[in-house]
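Novice: One structure coming up, written as structure tokens, with questions to follow.
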Amino acid sequence: MSANLTVMAVALLVWGLVFVYLWRLERRIKDLERK
Amino acid sequence: MILRILLFLWLAAGMVAGFTWAPVVPVLGNTTRVFYFHFPAAIVTTIAFGWSMVHSALYLARRDLGHDDHAAGAAELGLLFCIVATISGSLWARAMWGAYWNWDPRETSIFFLFLIYAAYLALRAAIDGTERRARLAAIYSCVAFVAVPFLIFVVPRIYFSLHPDPLLGQRGKPDIDPRIMLVATWMLAGVTALFVWLLSLRVRLGRIERARQEF
Numbered sequence: 001m002s003a004n005l006t007v008m009a010v011a012l013l014v015w016g017l018v019f020v021y022l023w024r025l026e027r028r029i030k031d032l033e034r035k
Numbered sequence: 001m002i003l004r005i006l007l008f009l010w011l012a013a014g015m016v017a018g019f020t021w022a023p024v025v026p027v028l029g030n031t032t033r034v035f036y037f038h039f040p041a042a043i044v045t046t047i048a049f050g051w052s053m054v055h056s057a058l059y060l061a062r063r064d065l066g067h068d069d070h071a072a073g074a075a076e077l078g079l080l081f082c083i084v085a086t087i088s089g090s091l092w093a094r095a096m097w098g099a100y101w102n103w104d105p106r107e108t109s110i111f112f113l114f115l116i117y118a119a120y121l122a123l124r125a126a127i128d129g130t131e132r133r134a135r136l137a138a139i140y141s142c143v144a145f146v147a148v149p150f151l152i153f154v155v156p157r158i159y160f161s162l163h164p165d166p167l168l169g170q171r172g173k174p175d176i177d178p179r180i181m182l183v184a185t186w187m188l189a190g191v192t193a194l195f196v197w198l199l200s201l202r203v204r205l206g207r208i209e210r211a212r213q214e215f
């Protein structure tokens, strides 16, 4: 696999992790808003 | 929820297009790809600081703490995107100019911008009392934003800079491959939407925090 594709895969992985974190954070905020 | 998934796919598609579809600029080689992260981060930094100033002014006019949440959140996020722009720019500088930091006018400008808004957050942290903190921070934010256009648009044009000028040629048309321009604009739209999402989370957290304090 070329270096370019490796960097792209890392960028996508990081973005995926950030996205999941934000999604979970939003769910937590929704729970707090309901209480 | 659909909007969130769309945003995820939008930015993922932008990254894939940047790495596989858009060509590289011959002089820059593979480092061209840094542009798709550096450019949106730098633009969103300016938008965030502008947003912070607008809501600071609105707070001073209406005394609604919701505007203070927007102002503080936008400044925090602006600082975050400023760090992303600085780090990506500095990695690019290492590849193109041979050093991570060169005290180039653009680098110096963004460093000052960072200090100005880091001082804003320090000011907020140092003041007790919600109303007093919101009022003083709003005044600071309005004054601080005066420096933003000067540091971003004026200083780099007065002094010689290694940093390339905005991507417009002499006839006002983009001086760059249209595919690169398309991916950069695509990423800018996605990162701006990400900023809006992050800001909404921050504002909602601020509201919860205030409600708990009052309770």
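These protein sequence lines map, in sequence, to chains L and E.
The opening residue of the first sequence carries number 1 in our numbering; numbering runs sequentially from there.
The opening residue of the second sequence carries number 1 in our numbering; numbering runs sequentially from there.
In this text, a Cβ means the ideal position worked out from N, Cα and C, and glycines have one as well.
Computed from a prediction, not measured in an experiment: that's the story for all the values here.
With Trp197/E and Leu22/L assumed to form a contact (beta carbons below 8 Å), what rounded beta-carbon distance in angstroms separates them?
Specialist: The residue given as residue 197/E occupies position 197 in the second sequence. The residue given as residue 22/L occupies position 22 in the first sequence. Going by Cβ atoms, the distance from Trp197/E to Leu22/L rounds to 7 Å, so yes, they are a contact pair.
Novice: Could you have a look at Leu168/E and say whether DSSP puts it in helix, strand or coil?
Specialist: Within the second sequence, numbered from 1, the residue matching residue 168/E stands at position 168. Residue placement at Leu168/E cannot be trusted, given a pLDDT of 48 that sits under 50; the coordinates are not used to answer.
Novice: Whole-angstrom Cβ separation of Trp101/E and Ser90/E, contact assumed at under 8 Å?
Specialist: In the second sequence, residue 101/E corresponds to position 101, counting from 1. In the second sequence, residue 90/E corresponds to position 90, counting from 1. About 6 Å; that satisfies the 8 Å criterion.
Novice: Please list the terminal residues of the continuous alpha helix (DSSP H) segment that includes Met1/E.
Specialist: For the purposes of this step, residue 1/E is taken as the residue at position 1 of the second sequence. Where Met1/E is concerned, there is no enclosing alpha helix (DSSP H), given that its DSSP letter is neither H nor E.
Novice: Ile208/E versus chain L: which residues are under 8 Å apart at the beta carbon?
Specialist: Numbered from 1 along the second sequence, position 208 holds the residue referred to as residue 208/E. Near Ile208/E (Cβ distances below 8 Å), the residues of chain L are Ile29, Leu32, Glu33.
Novice: Is the beta carbon of Val146/E less than 8 Å from the beta carbon of Leu113/E?
Specialist: To locate residue 146/E, count along the second sequence from 1; it is residue 146. To locate residue 113/E, count along the second sequence from 1; it is residue 113. No.
Novice: How would you label Pro105/E, buried or exposed, when you count the other beta carbons within 10 angstroms and need 16 or more for buried?
Specialist: The sequence position of residue 105/E within the second sequence is 105, counting from 1. Pro105/E should be labelled buried.
Novice: Quick one: list the residues of chain L neighbouring Trp197/E, beta-carbon separation under 9 Å, in chain order.
Specialist: For the purposes of this step, residue 197/E is identified with residue 197 of the second sequence, where counting begins at 1. In chain order: Leu22, Glu26.
Novice: Please state whether DSSP places Asp177/E in a helix, a strand or coil.
Specialist: Counted from its first residue, the second sequence places residue 177/E at position 177. Correct three-state label for Asp177/E: coil.
Novice: Candidates Leu9/E, Arg33/E, Ala119/E: which alpha carbon is nearest Val143/E's?
Specialist: The residue you call residue 143/E lines up with position 143 of the second sequence. For the residues Leu9/E, Arg33/E, Ala119/E, the minimum Cα distance to Val143/E belongs to Ala119/E.
Novice: With H, G and I counted as helix, E and B as strand and the rest as coil, what does DSSP make of Arg204/E?
Specialist: Residue mapping note: residue 204/E aligns to position 204 of the second sequence, counting from 1. Here Arg204/E sits in helix by DSSP.
Novice: Might you give, ordered along the chain, the residues of its own chain that have their beta carbon closer than 7 Å to the beta carbon of Ala85/E, omitting 5 neighbours on each side?
Specialist: In the second sequence, counting from the first residue as 1, residue 85/E sits at position 85. Cβ neighbours of Ala85/E beyond the five flanking positions: His38, Ala41, Ala42, Thr45, Ile110.
Novice: From what residue to what residue does the alpha helix (DSSP H) around Ile87/E run?
Specialist: As a position in the second sequence, residue 87/E is number 87, starting the count at 1. Segment 65 to 97, the alpha helix (DSSP H) holding Ile87/E.
Novice: Fully enclosed by the segment 18 to 70 of chain E, which alpha helix (DSSP H) runs are 4 residues long or longer?
Specialist: 35 to 62
Novice: Taking 8 Å as the CB-CB limit, is Leu12/L close to chain E?
Specialist: Taking the first residue of the first sequence as 1, we reach residue 12/L at position 12. So, interface residue.
Novice: Can you name the start and end residues of the alpha helix (DSSP H) that Leu113/E belongs to?
Specialist: Within the second sequence, numbered from 1, the residue matching residue 113/E stands at position 113. Leu113/E -> alpha helix (DSSP H) spans 105 to 126.
Novice: Could you tell me whether the segment 203 to 211 of chain E touches the segment 25 to 33 of chain L, using the rule of 3 or more Cβ pairs below 8 Å?
Specialist: yes
Novice: In the DSSP assignment, the alpha helix (DSSP H) including Asn102/E goes from what residue to what residue?
Specialist: Position 102 of the second sequence, counted from the start, is the residue given in the question as residue 102/E. Run containing Asn102/E: none; DSSP gives neither H nor E here.
Novice: Look at the alpha carbon of Leu182/E and the alpha carbon of Asp128/E, and state the distance between them as a whole number of angstroms.
Specialist: Here residue 182/E refers to the residue found at position 182 when the second sequence is read from its first residue. Here residue 128/E refers to the residue found at position 128 when the second sequence is read from its first residue. Answer to the nearest angstrom: the Cα atoms are 47 Å apart.
Novice: Is it right to say Leu3/E is buried, meaning 16 or more other beta carbons lie within 10 angstroms of its own, or is it exposed?
Specialist: Translated into the one-based positions of the second sequence, residue 3/E becomes position 3. Exposed, by the Cβ-count rule.
Novice: For Ala12/E, which residues in chain L fall below 7 Å Cβ to Cβ?
Specialist: The residue labelled residue 12/E in the question sits at position 12 within the second sequence. Within chain L, the residues near Ala12/E are Leu12, Trp15.
Novice: In terms of residue numbering, what span does the alpha helix (DSSP H) encompassing Phe145/E cover?
Specialist: Here residue 145/E refers to the residue found at position 145 of the second sequence. Here the alpha helix (DSSP H) through Phe145/E covers 130 to 145.
Novice: May I ask you to report which of helix, strand or coil DSSP gives Phe195/E?
Specialist: Position 195 of the second sequence, counted from the start, is the residue given in the question as residue 195/E. DSSP places Phe195/E in helix when its eight states are reduced to three.
Novice: If I follow the unbroken alpha helix (DSSP H) through Ile152/E, where does it start and stop?
Specialist: Counting from one through the second sequence, the residue named residue 152/E turns up at place 152. Counting along the chain, Ile152/E falls outside any alpha helix (DSSP H), and DSSP gives it neither H nor E.
Novice: For Ser52/E, which residues from the same chain have a beta carbon less than 6 Å from its beta carbon, with the 5 sequence-adjacent residues on both sides left out?
Specialist: Taking the second sequence and counting its residues from 1, the one referred to as residue 52/E is at position 52. Hits under 6 Å: Ala71, Ala74, Ala75, Ser141.
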